[in-house]
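K.L.:
Sequential numbering from 1 applies to the sequence shown in UniProt numbering.
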Amino acid sequence: MNLVDAIQRLGIGHLFEDEISCILSDIHKSEFTSSSLHEVALRFRLLREHGLWVSPDVFNKFKADDGKFIDEVANEPRDLLSLYNAADLLVHDEPELEEAISFSRYHLKTMMQHNDLKQPLFDQVCRALHLPLPRTYKRVETLHYFLEYGQEEGHIPILLDLAKLDFNILQRVHLKELKAISEWWKDLYKYIGLTYIRDHAVESYIWSHTMLFGDGLALTRMICAKIIILLVIMDDTYDAHATIEESRKLNEAIQRWVESAIPRVPEYLKKFYIKLLNNFKEIEDQFQKLSHYYLQEVEWLHQNHKPSFQEQVDLSTKTSTAHLMFVSTTVGLGDAVTKEALEWAESSTAIVAVGKIMRFMNDIAAFKHGKNKGDVTSTMEC
């Protein structure tokens with residue numbers, strides 16, 4: 001398990017996918033009787049990360065009769081860190097894991113305050129308290145782990161060398177993609193001539209890179225980044241620039257999604273509409289839905305309609321682009337994406353939940369910066 005964990009944290013799990021899957025399947029099926037909290041927590045985290053169910057009852061052996069963790073656990077920082085990272089993979093209605101998070105977090109913070117931790121554990125705990133391991137941006141976490149893995153007992157030097165080589169090879173690919181996206185953006189900006197749009201080329205690529213950084217996913221990353229750039233342009237147009245009549249005409253053209261609709265589009269938006277048609281025929285239905293939802297926000301603003309909180313949440317979740325982003329990540333994957341998977345995405349409560357989280361985080365950040373004139377209503381105002 002320690003080897004599997006090290007391989008994944010070094011960022012080379014994609015080189016051993018079949019082997020890791022086989023090993024974890026065997027571990028999941030086998031009886032596990034370890035009395036080490038670190039090992040129990042590590043097994044729990046690895047299996048849940050790979051979609052293999054493990055009951056939180058595995059931690060009961062480390063609790064007293066009153067259901068509280070025994071005192072000995074509170075004195076072992078490595079065990080506490082493993083428990084904290086494992087418990088972060090909780091699902092709904094798992095209060096015992098919520099308790100595990102509170103317990104381990106409290107004692108880890110206490111150890112930090114008293115300088116009871118040595119390196120590299122100190123840095124690992126510091127990062128985990130900011131963001132638990134399962135939620136980290138893997139490429140950044142890999143850079144940290146490069147410096148720490150060599151200090152671990154039983155580390156394999158050649159594994160670290162392989163990880164660094166693989167990281168540098170992928171980084172070279174990513175830099176070429178970023179250059180290509182930047183050049184595409186410059187050409188797009190000159191072509192469509194919309195001076196009010198924001199330059200989010202680098203940010204858009206980072207979004208796609210964060211979701212899909214692996215080898216062999218270059219086409220998907222590029223498509224996803226371009227979609228995000230065009231979404232930002234569409235959002236800026238509806239949200240802060242176009243009049244209500246211009247918004248209606250643009251939405252009407254997007255709903256039709258044909259070249260014959262170009263004359264109906266406001267003159268200054270025609271080239272933008274043409275770019276939408278030319279680039280993303282594969283996901284036109286998602287753009288059509290999103291355009292409709294953007295227009296609804298503008299209609300509410302035009303009518304001075306203040307929606308209820310639930311109305312705003314329902315609509316703004318749809319404009320969060322979660323569904324569109326999911327679909328965009330499947331473009332370029334070929335036969336790996338099934339019809340059943342796309343149908344699942346259309347009604348997935350998980351993607352709806354992601355959309356709500358994205359919307360709330362965006363609205364909170366925007367609220368802190370203050371509202372601009374012409375901005376549509378946010379959930380913070382309802």
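Backbone N, C-alpha and C fix where the C-beta goes; we use that ideal spot for every residue, glycine too.
No experiment lies behind these values; they were computed from the predicted model shown.
1. With a cut-off of 8 Å on the beta carbons, I'd call residue 390 and GLY11 a contact; round off their distance for me.
2. Identify whether PHE122 lies in helix, strand or coil by the three-state DSSP scheme.
3. Assuming MET1 and ARG48 form a contact by the criterion Cβ under 8 Å, report the distance between their Cβ atoms to the nearest whole angstrom.
4. Going by CA-CA distance only, name the one from LEU231, HIS200 and HIS209 that's closest to MET222.
5. Could you have a look at PHE213 and say whether DSSP puts it in helix, strand or coil?
6. Who are the Cβ neighbours of HIS38 in its own chain at under 7 Å, not counting the five residues just before and after it?
7. Between which residues of its own chain and PHE103 is the CB-CB distance below 6 Å, once the five residues before and five after are set aside?
8. How long is the line joining the alpha carbons of PHE263 and ASP88, rounded to whole angstroms?
9. Between LEU175, GLN255 and TYR196, which has its C-alpha nearest ASP235's C-alpha?
10. Candidates LYS271, ALA201, HIS292 and LEU276: which alpha carbon is nearest ASP239's?
11. DSSP state of PHE69, grouped into three classes?
12. Hey, would you say LEU194 sits closer than 8 Å to TYR268, going by beta carbons?
13. Under a three-way DSSP split, which group does ALA365 fall into?
14. SER247: buried (16+ other C-beta within 10 angstroms of its C-beta) or exposed?
15. Going by DSSP, what residue range makes up the alpha helix (DSSP H) through PRO77?
P.N.:
Quick look at the numbers:
1. Residue 390 lies beyond the range of the chain shown here (1 to 382); nothing can be said about it.
2. For PHE122, the three-state secondary structure derived from DSSP is helix.
3. Actually they do not touch by this definition, with Cβ atoms about 13 Å apart.
4. With respect to the C-alpha of MET222, the residue from LEU231, HIS200 and HIS209 having the closest C-alpha is HIS209.
5. If DSSP states are grouped into helix, strand and coil, PHE213 belongs with coil.
6. Only ARG78, ASP79 and SER82 meet the Cβ criterion.
7. PHE69.
8. A small correction: the amino acid at residue 263 is Pro; Phe does not occupy that position in the sequence shown. Straight-line Cα distance between these residues: approximately 53 Å.
9. Comparing alpha-carbon positions, the option among LEU175, GLN255 and TYR196 lying closest to ASP235 turns out to be TYR196.
10. The candidate whose alpha carbon is nearest that of ASP239 is HIS292.
11. DSSP places PHE69 in strand when its eight states are reduced to three.
12. Cβ atoms of LEU194 and TYR268: closer than 8 Å.
13. In this structure, ALA365 counts as helix in the three-state DSSP scheme.
14. Counting Cβ neighbours within 10 Å, SER247 comes out buried, since at least 16 surround it.
15. For PRO77, the uninterrupted alpha helix (DSSP H) run begins and ends at 77-87, by DSSP.
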